[in-house]
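Undergrad: This is the structure I want to talk about, given as structure tokens.
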Amino acid sequence: MSTAVDSAIKASKAALKAGDPLAASRAVLGELKRFSGNARLLTQSAEVQAARTGLPPRPFGPAHMQRVLRLRAQGGPGAAAEETQVAL
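According to the working numbering, the sequence shown is numbered sequentially starting from 1299.
Put into structure tokens, the structure is as follows:
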């Protein structure tokens, strides 16, 4: 477990450093499915989420609400609802 988790975290951090949050997300999610309770993977997943959205990882707060309102104004209620579901 430790080797797989370490390599996933290392790959995720390298992808974030290279400016590719999608690849960072893919690196972590595969191992997170296998080891759903691993604290280090959950922490890295939160960092990836923050990099992808530009928002604090948790909890749903004012910054998230501002983003949802901006999305609703730009893309309609469907985009805002999807973003809200993902954030929660």
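Positions of the beta carbon are idealized from the N, C-alpha and C atoms, including for glycine.
Specify the secondary structure class of D1304 as computed by DSSP and reduced to three states.
TA: Residue state, collapsed to three classes: helix.
Undergrad: Pick out whichever of R1338, F1333, G1317 has its Cα sitting closest to the Cα of I1307.
TA: The residue with the shortest Cα to Cα distance from I1307 is R1338.
Undergrad: In terms of residue numbering, what span does the alpha helix (DSSP H) encompassing S1323 cover?
TA: Run containing S1323: 1319-1332, per the alpha helix (DSSP H) assignment.
Undergrad: Measure the CB-CB distance between K1310 and Q1342 and report whether it falls below 8 Å.
TA: Correcting the residue identity first, residue 1310 is Ser in this sequence and not Lys. Yes, these two residues count as a Cβ contact at 8 Å.
Undergrad: Whose C-beta lies closer than 8 Å to the C-beta of L1369 among residues of the same chain, with five residues either side of it excluded?
TA: A1377, A1378, E1381, listed in sequence order.
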